[in-house]
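Engineer:
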Amino acid sequence: MHIQIVLFDGFDPLDVVAPYEVLYTGGTASGGAVTVELVSAEGPREVISGTGGLALRATGALDLERADMLLVPGASGRVGEPGEVPEEEVGAGEWKQDEFIPVLLGRTLTTELPALLKQAMDDPDVTVATVCGGSLVLAMAGLLEGRHATTHHMGLDMLEATGAHAVHARIVDDGDLISGAGVTSGLDLGLYLLEREVGPRVAHAVEVLFSHERRGTVWRPQGPTPTAL
Numbered sequence: 056m057h058i059q060i061v062l063f064d065g066f067d068p069l070d071v072v073a074p075y076e077v078l079y080t081g082g083t084a085s086g087g088a089v090t091v092e093l094v095s096a097e098g099p100r101e102v103i104s105g106t107g108g109l110a111l112r113a114t115g116a117l118d119l120e121r122a123d124m125l126l127v128p129g130a131s132g133r134v135g136e137p138g139e140v141p142e143e144e145v146g147a148g149e150w151k152q153d154e155f156i157p158v159l160l161g162r163t164l165t166t167e168l169p170a171l172l173k174q175a176m177d178d179p180d181v182t183v184a185t186v187c188g189g190s191l192v193l194a195m196a197g198l199l200e201g202r203h204a205t206t207h208h209m210g211l212d213m214l215e216a217t218g219a220h221a222v223h224a225r226i227v228d229d230g231d232l233i234s235g236a237g238v239t240s241g242l243d244l245g246l247y248l249l250e251r252e253v254g255p256r257v258a259h260a261v262e263v264l265f266s267h268e269r270r271g272t273v274w275r276p277q278g279p280t281p282t283a284l
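Every number in the working numbering is 55 more than the matching position in the sequence shown, counting from 1.
#1: Considering Met213, what are the terminal residues of the alpha helix (DSSP H) in which it resides?
#2: Within the same chain, show all residues whose beta-carbon is closer than 8 Å to that of Ala147, passing over the 5 residues directly before and after it, in chain order.
#3: Starting from Glu45, follow the beta strand (DSSP E) in both directions and report where the run begins and ends.
#4: Just to confirm the assignment: which complete alpha helix (DSSP H) runs, minimum length 4, are found wholly within the stretch 175–259?
#5: Determine contact between the stretch 267–275 and the stretch 222–231, defined as no fewer than three beta-carbon pairs at a distance below 8 Å.
#6: Need the endpoints of the beta strand (DSSP E) that Val61 sits in, please.
#7: In whole angstroms, give me the CA-to-CA distance for Gly132 and Asp64.
#8: Note down the Cα distance separating His259 from His208, rounded to an integer number of angstroms.
#9: Can you give the Cα-Cα distance for His57 and Arg202, rounded to whole angstroms?
#10: Please look up how many angstroms separate the CB atoms of Gly189 and Val127, rounded, as I've assumed it's under 8 Å.
#11: Tell me which residue opens and which closes the alpha helix (DSSP H) that Val158 is part of.
#12: Cβ atoms of Leu168 and Ala194: under 8 Å apart, would you say?
#13: Please name the residue, chosen from Pro281, Gly237, Lys173 and Leu232, that lies closest to Val186 on a Cα-to-Cα basis.
#14: Using a threshold of 8 Å, state whether the C-beta atoms of Val91 and Tyr75 are closer than that.
#15: DSSP beta-bridge partners for Ala96?
#16: So what does DSSP say about Trp274, is it helix, strand or coil?
#17: Look at Ala113 and Val94 and say whether their C-beta atoms are less than 8 Å apart.
#18: Residues in the same chain with beta-carbon distance under 7 Å from Ala130, minus the five sequence neighbours each way, listed in chain order, please.
#19: Could you pull out every residue in the same chain whose Cβ sits closer than 7 Å to the Cβ of Leu264, ignoring the five residues on either side in sequence?
#20: In whole angstroms, give me the CA-to-CA distance for Asp123 and Glu262.
#21: Below 6 Å CB to CB, which residues in the same chain sit around Val192 once its five sequence neighbours on both sides are set aside?
#22: From the DSSP output, read off the bridge partner residues of Thr90.
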């Protein structure tokens with residue numbers, strides 16, 4: 056399985072690095088059954104995060120001919136509701152440090168990323184995973200209507216408003232769409248992806264190496280609907 060983690064200007068570094076390390080280590084532990092790389096919609100380039108100008112290098116282009124899975128991170132910056140930011144700011148001007156997270160997420164709509172993500176969502180051979188606000192990138196592009204997903208707890212109402220079924224869970228598995236909640240959920244998401252795609256023994260070995268125990272029950276749209284508690 057080849058996994059491409061998608062960088063965009065203003066991305067949250069922890070959303071990227073946490074699953075990258077887990078998945079990379081899982082690939083080592085599985086004899087190369089998993090490979091992972093950092094990419095962007097524009098191709099190889101330095102991509103500036105929303106955290107102190109920290110940059111990571113995308114070594115390749117998002118390529119659905121090569122990728123079995125795309126992983127989309129969220130953004131980091133100032134926390135605020137969409138109504139606090141003038142609509143004209145979204146996509147306007149150049150990227151600036153410490154912008155509002157909704158602006159950074161919305162700016163992805165002006166790039167080639169939404170079209171590529173739509174192709175991925177329409178392709179039954181490609182799984183899409185998200186960490187934190189990564190699900191909002193998909194939702195703001197109109198790609199999550201009717202789908203179950205999660206995001207950072209402060210963005211659940213926004214996710215629901217796009218037509219998605221927002222679930223307050225650490226990890227949500229909706230088949231070919233797997234989403235993680237807050238930023239540290241990237242560790243849990245990476246471990247769950249290893250368990251799901253390679254097996255629990257490899258996932259457990261990485262979990263032990265990282266001294267990190269996964270939290271919460273993975274939510275799936277299965278089983279009876281719970282009664283009121």
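Where a beta carbon is used, it is the ideal one built from N, C-alpha and C, also for glycine.
Structural biologist: In short:
#1: Unbroken alpha helix (DSSP H) run through Met213: Leu211 to Ala216.
#2: Here Ala147 scores only 47 on pLDDT, less than 50, and its place in the model should not be relied on; the value that follows carries that caveat. Excluding sequence neighbours, Ala147 sits near nothing in its chain.
#3: Here the chain has residues from 56 to 284 only, and residue 45 is not among them.
#4: You should have 189–195, 211–216 and 240–252.
#5: Counting Cβ pairs under 8 Å, three or more are found: they touch.
#6: Per DSSP, Val61 belongs to the beta strand (DSSP E) from His57 to Leu62.
#7: One alpha carbon belongs to Gly132, the other to Asp64, and they sit about 11 Å apart.
#8: Each residue's CA atom was taken as its position, placing His259 and His208 some 27 Å apart.
#9: So the alpha carbons of these two residues sit roughly 24 Å apart.
#10: Confirmed, Cβ separation roughly 4 Å.
#11: Residue range Ile156 to Arg162 is occupied by the alpha helix (DSSP H) that includes Val158.
#12: No; because the gap between Cβ atoms is not below 8 Å, this pair is not in contact.
#13: Each of Pro281, Gly237, Lys173 and Leu232 was checked against the Cα of Val186, and the nearest Cα belongs to Gly237.
#14: Yes.
#15: Ala96 is not bridged to any residue.
#16: Reduced to three states, the DSSP call for Trp274 is strand.
#17: With a cutoff of 8 Å on beta-carbon distance, Ala113 and Val94 are scored as near each other.
#18: Same-chain partners within the cutoff: Gly65, Phe66, Asp67, Gly105, Ile156, Leu159, Leu160 and Gly188.
#19: Thr80.
#20: Going by the C-alpha atoms only, they are around 23 Å apart.
#21: Residues of the same chain with a CB within less than 6 Å of the CB of Val192, apart from the 5 flanking positions on each side, are Val127, Leu160 and Thr163 in chain order.
#22: Answer by DSSP bridge pairing, in chain order: His57.
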